[in-house]
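Everything on this sheet refers to the single structure shown next.
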Amino acid sequence: MYVALFYEDGRPVDAKGVGRKVIDKVDETYESELDGKEFSYDGEKSLFTVGALPRNKLEFTVVFDSMNSTWYILIVTFGMQ
Numbered sequence: 009m010y011v012a013l014f015y016e017d018g019r020p021v022d023a024k025g026v027g028r029k030v031i032d033k034v035d036e037t038y039e040s041e042l043d044g045k046e047f048s049y050d051g052e053k054s055l056f057t058v059g060a061l062p063r064n065k066l067e068f069t070v071v072f073d074s075m076n077s078t079w080y081i082l083i084v085t086f087g088m089q
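For the sequence shown, our numbering gives the first residue as 9, with consecutive numbering after it.
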């Protein structure tokens, strides 16, 4: 699956290490939407699961509790882009 990560204003995230934190937060926050599927992230643009996710395209909003409250949008689509 292909992973795209954006800031709330639509700019792509290019900072190293942010993707892993966002993926971990998605796993924690949206477990029911992911049907409890375990997944692995390569740190770049690929997400791997055992079995299919519930839909071919999923979009998640993640907010980290901090002083600046940065919002991220994670889009997961089936297939490579």
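C-beta: ideal position from N, C-alpha, C; glycine also.
- DSSP, reduced to helix, strand and coil, places residue 53 outside both helices and strands of the structure shown, so it counts as coil.
- Residue 72 is positioned such that its CB atom lies no closer than 8 Å to that of residue 82.
- Residue pairing by DSSP puts residue 20 in a beta bridge opposite 14.
- Excluding residues up to 5 positions away in sequence, 9 and 64 lie with their Cβ nearer than 6 Å to the Cβ of residue 86 in the same chain.
- In terms of Cβ geometry, residue 33 and residue 84 do not form a close pair [threshold 8 Å].
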